[in-house]
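Novice: Pasting a structure here, questions to come.
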Amino acid sequence: MIKPLTSTQKSWVEETLHNMSEDQKIAHVLCPFFNPYTASVEDVIQLIETVHPGCIFFLPGPAKKIKEFTEAVRKHSKIPTLVAMDILWGAGHVIKEECTTFVSTMACGAADQPDLTHAMGEAIAKEARAMGVHWTLGPIVDINVNPASPIVNFRSYGDCPEHVARHANAFISGVQDAGLMAATAKHFPGDGVDDRDQHFLTSINSLDRATWDATFGKTFRSVIDNGVCSIMSGHIGLPAVDPGEPDSYLGAPPASLSKKQLRGVVRDEFGFEGLIVSDAIRMTGLTSHAKFEDIGWRLLDAGNDVILFSEPDYDIPSIKNALKDGKLDPSHLDEAVQRVLEMKCRVGIAPEAITYELSAEEKASHEETARKLGHSSIRIVRNLDNVLPLKLSSGDRVLTITIQYPRNDAKFIFIDSIDDELRAEGLEVDHMLNPSPDDIIKVADQYAAVFININVGSHGRAGIIRLNNILCEPIEAVVQTHPRTIVTSFGDPYKLYEMPYIRTYMNTFSPTQTSVEAAVKVWLGKEEALGKNPIELPGFFSREVE
626 MIKPLTSTQK SWVEETLHNM SEDQKIAHVL CPFFNPYTAS VEDVIQLIET
676 VHPGCIFFLP GPAKKIKEFT EAVRKHSKIP TLVAMDILWG AGHVIKEECT
726 TFVSTMACGA ADQPDLTHAM GEAIAKEARA MGVHWTLGPI VDINVNPASP
776 IVNFRSYGDC PEHVARHANA FISGVQDAGL MAATAKHFPG DGVDDRDQHF
826 LTSINSLDRA TWDATFGKTF RSVIDNGVCS IMSGHIGLPA VDPGEPDSYL
876 GAPPASLSKK QLRGVVRDEF GFEGLIVSDA IRMTGLTSHA KFEDIGWRLL
926 DAGNDVILFS EPDYDIPSIK NALKDGKLDP SHLDEAVQRV LEMKCRVGIA
976 PEAITYELSA EEKASHEETA RKLGHSSIRI VRNLDNVLPL KLSSGDRVLT
1026 ITIQYPRNDA KFIFIDSIDD ELRAEGLEVD HMLNPSPDDI IKVADQYAAV
1076 FININVGSHG RAGIIRLNNI LCEPIEAVVQ THPRTIVTSF GDPYKLYEMP
1126 YIRTYMNTFS PTQTSVEAAV KVWLGKEEAL GKNPIELPGF FSREVE
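The sequence shown begins at 626 in my numbering and counts up by one.
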């Protein structure tokens, strides 16, 4: 269970809560956000000094800017403010330039070495805390039951509940054990059943109660028993627990607005004593069930303690008016504030703040862990003609083809370094991005080998995981015309389902640099493919983890 507070910490929480006004309490459950690429330090300071939020969230950005933001928060907060980021694949995934990027969640599942998953969590805590971040909104404990899920996919450890729980618990322990950072298990009641995305609607976990208890429920119970500090409520309905009002055309409400899910299951049944944070409030999975001016108080009433991506201009009057009108029990606000204060103690920013400085030796160790994970997670799924490993000579000319949807968000990782890695092996490399079939057919026979690299995975604003015909056609064209064509997915591991005619196919489960380096080594026979399938695709491959 969650780590208890010391007597000194308990006294600080009680005294701080007792001395807070109603306005201070309301502000303390808010978690507004900033984009480091568009906001200024002055913007952050103004919010801290006028709103006094209990928490603040930063989107991905340069390390220098993140550090400036966190220092401003620390200096200008009357009560220490929790700083949160979405750190899932290593601090370097969201804090650019100075921190370590590891691999995707599913690549950890494919490596299937919980000690490395734990080391990754530990590295995240140290590197993020050195940058002034106290709280990561990870790990994802969703189970990828449905290969067509556009939002879970390689963001999950796999499709086996026990496997997901084992790696999630390793990650959580790594993040939390030193008292530097809090982890978050998300997204309750569990995503990965629906083929839709809660960014665009309230998705549904349609399992019956017994099946849910044996899968998603089992996983959440496990992380709670392991002491996770916080749980994120998803904008996901669970009709087996809360089917919604009989006459409602909207159907089951999202967990974020469901007392039956949060107070009934998470608190009463599972005995969770930590903090519940809502998923981001701008998502349609929430806003389609509540007016924006009602979201603040309804989230607290349902059982959330923190409102993620809060809009203070809406949420403060929403909560204040609900308290005045008797819609919101004041005890619910007090309980939420108490849990926020308790988590500040658990991450060492109150009553007294601890600091952490990362050593060069630790950073080097983290880089080595990232390398091990990347090089332990590659899986050759199909090699019908024994094309792999390739036997190429220095100076051979090869073609790389990248298949991807246009992307411009800061968390997306491009795989352009593949060409550099191949050149470092002595090969001459040409490259095409999303070419037409005719473009490929004209030149394919000029190359000793063709590498088709698919960089498509789950994404919160895409709504789809499949390739369209424009992206599939060039793959089919080169597979049919060049005998040494290797198709590698650096994201979605189910691509054989869409293109069963592929004869040589590999999954890295991850687009990060260590995965790129490992893929090249495997292609050229410099390393073995050591990964296991953490998911199954009936008719194509079986799960190899338990």
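Note that CB positions come from ideal geometry on N, CA and C, so glycine has one too.
Identify, in the order they occur along the chain, each residue of the same chain with its Cβ nearer than 8 Å to the Cβ of residue 668, setting aside the five sequence neighbours on each side.
Specialist: 659, listed in sequence order.
Novice: Could you give the residue range of the alpha helix (DSSP H) that holds residue 1130?
Specialist: Residue 1130 -> not in any alpha helix (DSSP H); beta strand (DSSP E) instead, spanning 1129-1132.
Novice: Fully enclosed by the stretch 665-690, which alpha helix (DSSP H) runs are 4 residues long or longer?
Specialist: Counting only runs of 4 or more, we get 666-675.
Novice: Leaving aside the five residues before and after residue 1135 along the sequence, list all residues of the same chain whose C-beta is less than 6 Å from its C-beta, in chain order.
Specialist: Counting only Cβ-Cβ distances below 6 Å, and skipping sequence neighbours, we find 728, 729, 732.
Novice: Suppose the cutoff is 6 Å on Cβ atoms and the five residues either side in sequence are ignored; what does the same chain contact list for residue 895 look like?
Specialist: 846, 849.
Novice: Can you list, in chain order, the residues of its chain with a C-beta nearer than 6 Å to that of residue 1165? Leave out the 5 residues immediately preceding and following it.
Specialist: Answer for residue 1165: 1121, listed in chain order.
Novice: So, is residue 869 buried or exposed, given that buried needs 16 or more other C-beta atoms within 10 angstroms?
Specialist: Buried.
Novice: Check the C-beta distance from residue 768 over to residue 844 and give it rounded, since I have them as a contact under 8 Å.
Specialist: With 8 Å as the limit, residue 768 and residue 844 qualify as a contact, their Cβ atoms being about 7 Å apart.
Novice: Quick check: residue 807 and residue 699, are their CB atoms within less than 8 Å of each other?
Specialist: No, Cβ-Cβ distance for residue 807 and residue 699 is not below 8 Å.
Novice: What is the DSSP secondary structure of residue 851, reduced to helix, strand or coil?
Specialist: Coil, per DSSP.
Novice: For residue 1062, which residues from the same chain have a beta carbon less than 6 Å from its beta carbon, with the 5 sequence-adjacent residues on both sides left out?
Specialist: Closer than 6 Å at Cβ, skipping near neighbours: 1098, 1099, 1102.
Novice: Does the stretch 826-835 touch the stretch 788-806, meaning 3 or more C-beta pairs lie closer than 8 Å?
Specialist: They do not touch, by the three-pair rule.
Novice: Sort 1013, 997, 854, 950 by Cα distance to residue 744 and report the nearest one.
Specialist: It is 997.
Novice: Under a Cβ-count criterion, where at least 16 other Cβ atoms within 10 Å of its own Cβ denotes burial, should residue 1088 be classed as buried or exposed?
Specialist: So residue 1088 ends up on the exposed side.
Novice: Can you give me the C-alpha to C-alpha distance between residue 1069 and residue 1106, rounded to a whole angstrom?
Specialist: Their backbone Cα atoms lie some 8 Å apart in a straight line.
Novice: Measuring alpha carbon to alpha carbon, tell me which residue in 638, 752, 642 is nearest residue 714.
Specialist: Among 638, 752, 642, the Cα nearest to that of residue 714 belongs to 752.
Novice: Spatial neighbours of residue 678 within its chain, please: C-beta separation below 8 Å, excluding the five flanking residues on both sides.
Specialist: Contacts found: 652, 653, 655, 656, 657, 672, 706, 935, 937.
Novice: Going by C-alpha distance, which of 748, 858, 762 is nearest residue 574?
Specialist: Given that the chain is displayed from residue 626 to residue 1171, the structure contains no residue 574 and the question cannot be resolved.
Novice: DSSP three-state label for residue 802, please.
Specialist: In this structure, residue 802 counts as coil in the three-state DSSP scheme.
Novice: Rank 933, 955, 906, 904 by C-alpha distance to the C-alpha of residue 926 and give the top, closest one.
Specialist: The shortest C-alpha separation from residue 926 is found at 955.
Novice: Going straight from the alpha carbon of residue 1016 to that of residue 1048, what length do you get?
Specialist: So the two alpha carbons sit approximately 15 Å from each other.
Novice: Express the C-alpha separation of residue 1050 and residue 988 in angstroms, rounding to a whole number.
Specialist: The alpha-carbon atoms of residue 988 and residue 1050 are separated by roughly 27 Å.
Novice: Residue 734 and residue 662: beta carbons closer than 8 Å?
Specialist: Contact: no.
Novice: Quick one, are the C-beta atoms of residue 1109 and residue 784 less than 8 Å apart?
Specialist: No, the Cβ-Cβ distance between residue 1109 and residue 784 is not below 8 Å.
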